[in-house]
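Peer 1: One structure is given below, represented as structure tokens, and several questions about it will come after.
Structure, rendered in structure tokens:
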């Protein structure tokens, strides 16, 4: 007897959507590293990648508090997708030191379609794990990541 979700060689939308919308799990280390950036200011940025074997989002690289935005941008791979958070410091017109945390979904136009799909379907679940994000940017090249606008 055929599985009722399979008709004419296609898997029904119900099964396909269940797997696609769930996304990857989030490694505990990823959450704790983000909290260190957010609360303790230990890092300027954190770059995350999907570990397909473990089926979870893991930390790939961290940047120390003295690293610049240019250091961060140079750390993103030219041809593969990543997630990143960046702690942007600025001074207000009232001369107050402030900080905003940006979530960046990095998806270069030259990256593999499979990678783009994997990161796109996992983004919302991962993003929900990171409380305190002020802004979200989806970028395909560095010019789309202008934090000052």
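Numbering (the UniProt record's numbering), first residue to last: 1 to 149. No residue lacks a Cβ here, since even glycine has one placed at the ideal position from N, Cα and C. Fair warning: this is a prediction, and the values are worked out from it, not measured in the lab.
Can you tell me which of 118, 83, 77 and 98 puts its alpha carbon nearest to the alpha carbon of residue 34?
Peer 2: Start at 1 with the first residue of the chain shown, and residue 34 comes out as number 34. If we check each option's Cα against that of residue 34, 83 comes out closest.
Peer 1: What span of residues does the alpha helix (DSSP H) with residue 36 cover, start to end?
Peer 2: The residue you call residue 36 lines up with position 36 of the chain shown. Where residue 36 is concerned, there is no enclosing alpha helix (DSSP H), given that its DSSP letter is neither H nor E.
Peer 1: Return the CA-CA distance between residue 16 and residue 128, expressed in angstroms with no decimal places.
Peer 2: In the chain shown, counting from the first residue as 1, residue 16 sits at position 16. In the chain shown, counting from the first residue as 1, residue 128 sits at position 128. For residue 16, the predicted model reports a pLDDT of 37, less than 50, meaning its position is unreliable and no value from the coordinates is stated.
Peer 1: Going by beta carbon distance, what residues of the same chain come within less than 6 Å of residue 42, once the five residues before and after it are set aside?
Peer 2: Against the chain shown, residue 42 aligns to sequence position 42. Cβ neighbours of residue 42 beyond the five flanking positions: 36.
Peer 1: For residue 90, I'd like the list of residues in its chain whose CB is within less than 7 Å of its CB, leaving aside the five on either flank, ordered along the chain.
Peer 2: In the chain shown, counting from the first residue as 1, residue 90 sits at position 90. These residues qualify, in order along the chain: 98.
Peer 1: Residue 137 and residue 102 look like a contact to me (Cβ under 8 Å); what is the Cβ gap, rounded to whole Å?
Peer 2: Residue numbering aside, residue 137 sits at position 137 when the chain shown is read from its first letter. Residue numbering aside, residue 102 sits at position 102 when the chain shown is read from its first letter. Between residue 102 and residue 137 the Cβ distance is about 6 Å, and since that is below 8 Å, they are a contact.
Peer 1: On a Cα-Cα basis, can you pick out the residue from 62, 95 and 57 that is closest to residue 28?
Peer 2: For this step, residue 28 is matched to residue 28 along the chain shown. Ranking the options by Cα distance to residue 28, first place goes to 57.
Peer 1: Going by alpha carbons, who is nearest to residue 105 out of 25, 48, 71 and 66?
Peer 2: As a working note, residue 105 is residue 105 in the chain shown. Residue 105 has its Cα closest to that of 48, out of 25, 48, 71 and 66.
Peer 1: Determine the burial state of residue 26: buried for a count of at least 16 other Cβ atoms within 10 Å of its Cβ, exposed for fewer.
Peer 2: For this step, residue 26 is matched to residue 26 along the chain shown. Looking at its Cβ environment, which holds 16 or more other Cβ atoms inside 10 Å, residue 26 is buried.
Peer 1: Going by DSSP, which residues form a beta bridge with residue 136?
Peer 2: The residue labelled residue 136 in the question sits at position 136 within the chain shown. Per DSSP, 103.
Peer 1: Would you verify that the beta carbon of residue 140 is, or is not, closer than 9 Å to some beta carbon of chain C?
Peer 2: In the structure shown, chain C cannot be found, because there is only a single protein chain.
Peer 1: Using the beta-carbon count (16 or more within 10 Å), is residue 65 buried or exposed?
Peer 2: Position 65 of the chain shown, counting from 1, holds the residue named residue 65. Exposed, by the Cβ-count rule.
Peer 1: Can you tell me which residues form a DSSP beta bridge with residue 62?
Peer 2: The residue labelled residue 62 in the question sits at position 62 within the chain shown. According to DSSP, residue 62 bridges with 46.
Peer 1: What residue range does the beta strand (DSSP E) around residue 82 cover?
Peer 2: Mapped onto the chain shown, residue 82 falls at position 82. Residue 82 -> beta strand (DSSP E) spans 82–91.
Peer 1: With residue 127 as the anchor, note down where its alpha helix (DSSP H) starts and where it stops.
Peer 2: By one-based count along the chain shown, residue 127 stands at place 127. Segment 113–129, the alpha helix (DSSP H) holding residue 127.
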